[in-house]
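At position 293 of the sequence shown the residue is numbered 342 (this note's numbering), and the sequence of numbers has no breaks. We put the CB at the ideal spot given by N, CA and C, even for glycine. Below is one structure, written out as structure tokens; the observations come after it.
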Amino acid sequence: MKRPALRLVEVGPRDGLQTAGASVSTAAKIAFVDALSLSGLREIETGAFVSPKAVPEMADSAEVFAGIARRPGVIYSALVPNEKGLERALAAKAGKIAVFTAASETFNQKNIQASISESIERFKPVVAGSKAAGLPVRAYISTAFYCPFEGKIQPEAVIDVVRRLEELGVAEHSIGDTIGRASPDDVRRLLDLLLKSVPVEKIFLHFHDTYGMAVANALVAWEDYGVSGFDASTGGVGGCPYAPGATGNVAMEDLVFAFHASGGATKVDVKALQDAAKGLAAAMGRPVSSRLSKLSL
Ligand code: HMG
Ligand code: MG
């Protein structure tokens, strides 16, 4: 299998910080995004325009978007659950809109107070409004392997949601291992079926790393299936507030190191990611969890 050029999406400022507690100031979030902008990453999910009651940590996303030094060629994207979120994201000049649903009904209900069908209905005006504004739409499908409430999720359930999102006209799908439980075999079982329905270029994989299998999962998807899109969060911080037991995303610096070590070319500077992680750890007042953050710089 040809190993394609990698497309990496940094989700630390959103996924990483949405469970960080109130300790991370707006200025520290801006400094984190600015440090990431210097690393060579091309896309940074900078915040979420969700209900501040649901996720208080993201209440200052408009200020974060307003404060960052935007680097030409970098997309600063935003997570959006509904039309109100889209309005706020457009006002903040987000460069891409990310909607989010799940393959598990129970998780979706707890996360966004909607069934899967209701959420897809909700996305229709969000997708139309984003397109009218000239912005591409990413769709997250959470709990694509395991759900904290329903257990193992069958690939057919994921494919059904992906097909419905394809009908809506989203540009890409980010397939989420929300609780970081998937193994390489789970990844193979899903990709064997999924790639029959959707072009591989439209697929991103979003691995949390609770059980330490995320790097192995990403390498299998890249080497054996030609998947090139991966999400990660510098420092490996975070998790979903509505997914009990989930820890952070795979750390971007660990993932980039693994790709480079396996012959993958990226324009991302691992040292710059380590610096960004170091700054974030100082701002949080606690160490981050990436393996590379444990090395002396
Ligand atoms: P709801 O209560 O059904 O919403 O929540 P509502 O429309 O009935 O509105 C209730 C209140 O929220 C109203 O305010 C609205 O104005 C306000 P009130 O009148 O009570 O003062 N509201 C908003 N405020 C600001 N921005 C908005 C917005 N929408 C409503 N956009 C809703 C439904 C979806 C809004 C809520 O459940 C929510 O915001 N959920 C977000 C949960 C979340 O962010 N979870 C984490 C991200 S997902 C994730 O981490 C997984 C992922 O990483 C992939 C993976 O790992 O699998 C993406
Ligand atoms: Mg996530």
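What does residue i pair with, by DSSP beta-bridge criteria?
i: residue 186; result: 146
i: residue 194; result: The partner list for residue 194 (beta bridge, DSSP) is empty, contrary to what the question assumes.
i: residue 58; result: 280
i: residue 226; result: 256
i: residue 128; result: 97 and 147
i: residue 112; result: Bridge partners of residue 112: none, in fact.
i: residue 221; result: 187
i: residue 216; result: BP columns for residue 216 are empty, so no partner.
i: residue 92; result: 124
Candidates the options: which alpha carbon is nearest residue i's?
i: residue 83; options: 174, 71, 181 and 61; result: 61
i: residue 258; options: 50, 291 and 298; result: 298
i: residue 54; options: 331, 315, 329 and 320; result: 315
i: residue 131; options: 173, 120, 283 and 210; result: 173
i: residue 92; options: 338, 288, 324 and 146; result: 146
i: residue 349; options: 115, 151 and 157; result: A query on residue 349 cannot be resolved here, the shown segment of the chain reaching from 50 to 346 and no further.
i: residue 128; options: 249, 188, 140 and 69; result: 188
i: residue 71; options: 118, 142, 106 and 293; result: 106
i: residue 68; options: 289, 311 and 254; result: 289
i: residue 94; options: 77, 59, 79 and 118; result: 59
i: residue 279; options: 294, 307, 180 and 296; result: 307
i: residue 295; options: 87, 263 and 167; result: 263
i: residue 200; options: 230, 215, 109 and 171; result: 230
i: residue 214; options: 77, 57 and 171; result: 171
i: residue 313; options: 272, 328 and 249; result: 272
Reducing DSSP to helix, strand and coil, say where residue i ends up.
i: residue 199; result: coil
i: residue 208; result: helix
i: residue 307; result: helix
i: residue 300; result: strand
i: residue 319; result: helix
i: residue 155; result: helix
i: residue 287; result: coil
i: residue 50; result: coil
i: residue 169; result: helix
i: residue 326; result: helix
i: residue 262; result: coil
i: residue 139; result: helix
i: residue 79; result: helix
Would you call the CB atoms of residue i and residue j closer than 9 Å?
i: residue 153; j: residue 196; result: yes
i: residue 151; j: residue 165; result: yes
i: residue 51; j: residue 218; result: no
i: residue 325; j: residue 85; result: yes
i: residue 254; j: residue 234; result: no
i: residue 286; j: residue 246; result: no
i: residue 342; j: residue 261; result: no
Report, in whole angstroms, the separation of the C-beta atoms of residue i and residue j, which I expect to be a contact under 8 Å.
i: residue 222; j: residue 211; result: 5 Å
i: residue 318; j: residue 89; result: 5 Å
i: residue 300; j: residue 282; result: 7 Å
i: residue 97; j: residue 63; result: 5 Å
i: residue 112; j: residue 75; result: 5 Å
i: residue 242; j: residue 178; result: Not quite, the Cβ-Cβ distance comes to about 32 Å (not below 8 Å), so this is no contact.
i: residue 182; j: residue 139; result: 6 Å
i: residue 185; j: residue 220; result: 4 Å
i: residue 330; j: residue 304; result: At roughly 18 Å, the Cβ-Cβ gap does not stay under 8 Å, so residue 330 and residue 304 are not in contact.
i: residue 228; j: residue 292; result: 5 Å
i: residue 161; j: residue 193; result: The Cβ separation is near 16 Å, so there is no contact.
Using a Cβ-Cβ distance cut-off of 9 Å, determine whether residue i contacts chain E.
i: residue 114; result: The displayed structure is made up of one protein chain only, and chain E is not part of it.
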